[in-house]
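Residue numbers (UniProt numbering), protein chains in the order written: chain A, 1 to 266; chain B, 1 to 288; chain C, 1 to 342.
Next comes the structure, spelled out in structure tokens:
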């Protein structure tokens, strides 16, 4: 069951720097929502605020009607939201399989005490989880490198490991932060395939942050545009592609009066 | 009242010695990012060298010790510290611990471990102060010297090109070198300064009590001084030293001598919990 | 902590041959440990006891510092917490050693939890400073406890007896300590091979990503602090029995640094490394003393203590600069060469 993620007038500031201003986005169940915007528009800040890494300065986030604002990152994960990171956040010393197993942590089912004793329950749980991650490794074409240390992999593969780790959490909403940045055409094609697969299965809805506007247009149901910390529009890919404000934001031609831009584009 | 004031006077004096060592810690931390655990050993060997030259009088002996230990600091940087740049906390701490051990053992081999003495810097043993209190003249000299060292260092850091290079190298060594700064040489200056300051503290301590290579733990209070003042503040190190020294002497006076070192550690812990950036330090900005 | 070497116990168990080889090595190690005191002189039995005891203290420290990335100088303080809790339980309630060790472990866990609390807010140099402060505060508390409970000389421990059996002889003491060390090794291996071991490594390497995997960074850190301190405190009881007494002067910052040196020399985050480092650092003074005697003690050898101090420092420096993955790094590259048939 995927759920509805509601971002309501979210604000985030660091000292005097405003990273997000009154951002409101409603992410529907089963939807792939693309978020685009120029560098520094606040895309990553938005994900960080939603997942509890930065406490928002104002506004609120809720998921399936449960408020997320003020909760710790690990408890937000428990509601069904998983994410990847723009900059590689793998544990390089661990193998690919172990990195993906990290995503199974909420389902370990045994505590540190039982782990220390090392008897049956812990060992059985480990065997079960290892069985669970195999299909994921296959889905993302990581079977060949499962026993390699994560830091030894090329960048594109590392991004895929990140995605496998997030999927191992069995999320109902997946937030992808620039999954295609710095990767090859082949990796990009794999990414499109995986997002479409997730969309078809209906297992989880996706929020996709990307610089590659073409990729976003290809897979998204709707696209939100951020500029200078504000959400200037949310609409279908076609409508966004045709909008003058989006062009202005990307080209830096600022002939659109800011106060005319709708900020409550729910 | 008399007890209290006497504790404050002697606390400021001893505290200024912690401040001298802490200044060296700050200079090194500020420029190289290394947390130096060899400050105590540098101080102790400075005291031993100065006391070995005690027949020359305090100032000559202390001067030679300062130059000699500054040399030890420079050599330490050139040999073992330089490869550590950018390797993080643990390697730096461990190498400076190893360095302290090498300095202590070498001093033991060269000079032995018998306690030595150093004459007072000025002839008068004590000054009389209001309310029937008094202060040791050596402690007064220590206070004056470390205040002077703080001011000189602050000027050097903020007003000279070497200081500018030091600050630049601390933030971005590769960028600093693009603009003609030589981080290697700059870091050698930092270590030499730290060695000289520690040796000065050691010489003063030798004239107050006794020179002994195994008193390196005395300088642990310098860590408290560094944190209390703020790890990147020179003036903070000096004032932090005074605050720690006064706390220590008050605890010694009113609670008992065995409370002296623990009281400084309690101050350290309180600052870490309540105000880790210290009195004058820059708070760490967390934004990836 | 920038070492990027995977601990061998995290190696992929999907390779069954590695598992067989590991079991073989473990059996061999046990055989050597059991046979040792039967074949060597009492002097070397004492040296071996020192090394095995050092391992039982270094290994939990390595779990905290090497695996969880929490650089701590608090281990000597945890030893004195254990020794004095053990002494108190033994003398006041007339308890046997296992009970005393359990109570000491509980006390160690509690104190470790408290000392670990700053790690939720501080990192790097600041966290290290908080453990330094904790060391002195705890040792001071131990001094006050010592004065009130045991007198100025500290706690004097009787010869070790368990269930009426005298275990105070050199060999039996060795076996008791070796059995305890094996238990410590087993617990740490089990944890690091479990999902919680992965979580510990993740908290060290990428705490933000760990939280994004639903791992509570705070809870994981506090668990490791408590567990590591509990094991060190329990070892503190054994150490005090072995030495015959516990006095505050013994538990110095330098003692704490010695165990950090062991895990550095042996290899951070590696159980085998803890063992190698414990043996190596224990052997240095022994070797220097032997050399000093063998060569008549001329020159620098006339001062073996000073020489030891210099060599100890040089070893620490050399390992950081030249062999940051420690002695276990040699073992690993040798094993790799063997596997590749070279």
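In this text, a Cβ means the ideal position worked out from N, Cα and C, and glycines have one as well. Please read all numbers here as calculations on a predicted model, not as lab measurements.
Could you check which residue in A/113, A/225 and A/31 has the C-alpha nearest to that of residue 191 of chain C? Mapped onto the third chain, residue 191 of chain C falls at position 191. Cα-wise, what sits closest to residue 191 of chain C is A/113.
By the three-class DSSP mapping on this structure, what secondary structure does residue 28 of chain A have? Position 28 of the first chain, counting from 1, holds the residue named residue 28 of chain A. Here residue 28 of chain A sits in coil by DSSP.
Quick check on this structure: which residue in A/108, A/82 and A/55 has the alpha carbon closest to the alpha carbon of residue 198 of chain C? Within the third chain, numbered from 1, the residue matching residue 198 of chain C stands at position 198. When each option's Cα is compared against that of residue 198 of chain C, the closest is A/108.
Is residue 248 of chain B close to chain C, meaning its C-beta is less than 7 Å from at least one C-beta of that chain? Sequence index remark: in the second chain, residue 248 of chain B carries index 248 (1-based). Not closer than 7 Å to any Cβ of chain C, the Cβ of residue 248 of chain B fails to qualify, so no.
For residue 9 of chain B and residue 128 of chain C, what's the separation of their Cα atoms in angstroms? Taking the first residue of the second chain as 1, we reach residue 9 of chain B at position 9. Taking the first residue of the third chain as 1, we reach residue 128 of chain C at position 128. Going by the C-alpha atoms only, they are around 31 Å apart.
Determine which residues share a DSSP beta bridge with residue 67 of chain A and list them. Taking the first residue of the first chain as position 1, residue 67 of chain A is located at position 67. Residue 67 of chain A pairs with A/62.
Using the Cα positions of residue 128 of chain A and residue 148 of chain A, report the straight-line distance between them to the nearest angstrom. Position 128 of the first chain, counted from the start, is the residue given in the question as residue 128 of chain A. Position 148 of the first chain, counted from the start, is the residue given in the question as residue 148 of chain A. Distance between the alpha carbons of residue 128 of chain A and residue 148 of chain A is about 21 Å.
Taking DSSP as the reference, what is the three-state secondary structure of residue 279 of chain C? By one-based count along the third chain, residue 279 of chain C stands at place 279. Residue 279 of chain C falls in the helix class under three-state DSSP.
Check the Cβ-Cβ distances between residue 101 of chain B and every residue of chain C, and say whether any is below 7 Å. Residue numbering aside, residue 101 of chain B sits at position 101 when the second chain is read from its first letter. Cβ-Cβ to chain C under 7 Å: yes for residue 101 of chain B.
Give every residue of the same chain whose Cβ lies closer than 7 Å to the Cβ of residue 2 of chain C, excluding the five residues on either side of it in the sequence, and list them in chain order. Within the third chain, residue 2 of chain C is the residue found at index 2, counting from 1. In this prediction, residue 2 of chain C scores a pLDDT of 39, lower than 50, which makes its location untrustworthy; no coordinate-derived value is stated.
Using the C-alpha atoms, what's the distance from residue 259 of chain C back to residue 91 of chain C? The residue labelled residue 91 of chain C in the question sits at position 91 within the third chain. The residue labelled residue 259 of chain C in the question sits at position 259 within the third chain. Computed Cα separation, rounded: 29 Å.
Residues of the segment 76-88 of chain A with a CB closer than 8 Å to any CB of chain C: list them in chain order, please. 77, 78, 82, 83 and 85
Three or more C-beta pairs below 8 Å linking the segment 80-96 of chain B and the segment 199-213 of chain B: no
Take residue 61 of chain B as the anchor and find which of B/70, B/118, B/106 and B/191 has the nearest alpha-carbon. For this step, residue 61 of chain B is matched to residue 61 along the second chain. Ranking B/70, B/118, B/106 and B/191 by Cα distance to residue 61 of chain B puts B/118 first.
Specify the secondary structure class of residue 146 of chain B as computed by DSSP and reduced to three states. For the purposes of this step, residue 146 of chain B is taken as the residue at position 146 of the second chain. Helix.
Shortest alpha-carbon distance to residue 194 of chain A belongs to which of A/132, A/211 and A/218? One-based indexing of the first chain puts residue 194 of chain A at position 194. Residue A/218 is the option with its Cα nearest to residue 194 of chain A.
Once DSSP output is grouped into helix, strand and coil, what is the label at residue 71 of chain C? By 1-based counting over the third chain, the position of residue 71 of chain C is 71. Correct three-state label for residue 71 of chain C: coil.
Going along chain C in order, which residues have a C-beta closer than 9 Å to the C-beta of residue 126 of chain A? Taking the first chain and counting its residues from 1, the one referred to as residue 126 of chain A is at position 126. Neighbours of residue 126 of chain A on chain C, chain order: 13, 193, 194 and 195.
Inspect the beta-carbon positions of residue 27 of chain A and residue 207 of chain A and report whether they are closer than 7 Å. Indexing the first chain from 1 puts residue 27 of chain A at position 27. Indexing the first chain from 1 puts residue 207 of chain A at position 207. The answer is yes: Cβ separation under 7 Å.
Can you give the beta carbon distance from residue 116 of chain C to residue 222 of chain C, rounded, assuming they're within the 8 Å contact cut? The residue labelled residue 116 of chain C in the question sits at position 116 within the third chain. The residue labelled residue 222 of chain C in the question sits at position 222 within the third chain. Confirmed, about 5 Å.
Please confirm if residue 293 of chain B has its CB atom under 7 Å from at least one CB of chain C. Look at the range of chain B in this structure, 1 to 288, and you will see that residue 293 of chain B is not part of it.
How about residue 201 of chain C: is its C-beta nearer than 7 Å to some C-beta of chain A? What you label residue 201 of chain C is simply residue 201 of the third chain in a count that begins at 1. By this cut-off, residue 201 of chain C is an interface position.
Does the count of Cβ pairs from the segment 31-42 of chain C and the segment 57-75 of chain C closer than 8 Å reach three? no
How close, in whole Å, do the beta carbons of residue 84 of chain A and residue 146 of chain A come, if the pair is a contact with beta carbons under 8 Å? As a first step, residue 84 of chain A is located in the first chain; it is residue number 84 there, counting from the start. As a first step, residue 146 of chain A is located in the first chain; it is residue number 146 there, counting from the start. Their Cβ separation, rounded to whole angstroms, is 18 Å, which puts residue 84 of chain A and residue 146 of chain A out of contact at 8 Å.
Any idea what DSSP makes of residue 353 of chain C, helix, strand or coil? Beyond the ends of chain C as shown, which are 1 and 342, falls residue 353 of chain C; an answer cannot be given.
Residue 230 of chain A - partner residues in DSSP beta bridges: Translated into positions along the first chain, residue 230 of chain A becomes position 230. BP columns for residue 230 of chain A point to A/227.
Would you kindly work out how many angstroms separate the C-alpha atoms of residue 203 of chain B and residue 32 of chain B, rounded to a whole number? Taking the first residue of the second chain as 1, we reach residue 203 of chain B at position 203. Taking the first residue of the second chain as 1, we reach residue 32 of chain B at position 32. Cα to Cα, residue 203 of chain B sits roughly 26 Å from residue 32 of chain B.
Looking at residue 12 of chain B: is its Cβ nearer than 7 Å to the Cβ of residue 220 of chain B? Position 12 of the second chain holds residue 12 of chain B. Position 220 of the second chain holds residue 220 of chain B. No.
So, do the segment 49-59 of chain B and the segment 109-117 of chain B have three or more beta carbon pairs nearer to each other than 8 Å? yes
Quick check on DSSP: helix, strand or coil for residue 267 of chain B? As a first step, residue 267 of chain B is located in the second chain; it is residue number 267 there, counting from the start. Correct three-state label for residue 267 of chain B: helix.
Check for me: the beta strand (DSSP E) holding residue 378 of chain C runs from which residue to which? As displayed, chain C neither begins before 1 nor continues past 342, which places residue 378 of chain C out of reach and without an answer.
Using the three-state DSSP reduction, which class does residue 11 of chain A fall into: helix, strand or coil? Position 11 of the first chain, counting from 1, holds the residue named residue 11 of chain A. Residue state, collapsed to three classes: strand.
Among B/193, B/200, B/122 and B/275, the one whose alpha carbon lies nearest that of residue 74 of chain B: Along the second chain, one-based indexing puts residue 74 of chain B at 74. Here the closest residue by C-alpha is B/193.
Helix or strand or just coil, what does DSSP make of residue 240 of chain A? Position 240 of the first chain holds residue 240 of chain A. In the structure shown, residue 240 of chain A sits in a helix (DSSP, three-state: H, G or I).
Taking 7 Å as the cut-off, decide whether the C-beta atoms of residue 184 of chain A and residue 31 of chain A are in contact. For the purposes of this step, residue 184 of chain A is taken as the residue at position 184 of the first chain. For the purposes of this step, residue 31 of chain A is taken as the residue at position 31 of the first chain. No, they are not a contact pair.
Please go through the same chain and pick out, in chain order, the residues whose beta-carbon is closer than 6 Å to the beta-carbon of residue 96 of chain B, but skip the five residues on each side of it. Residue mapping note: residue 96 of chain B aligns to position 96 of the second chain, counting from 1. Hits under 6 Å: 36, 37 and 38.
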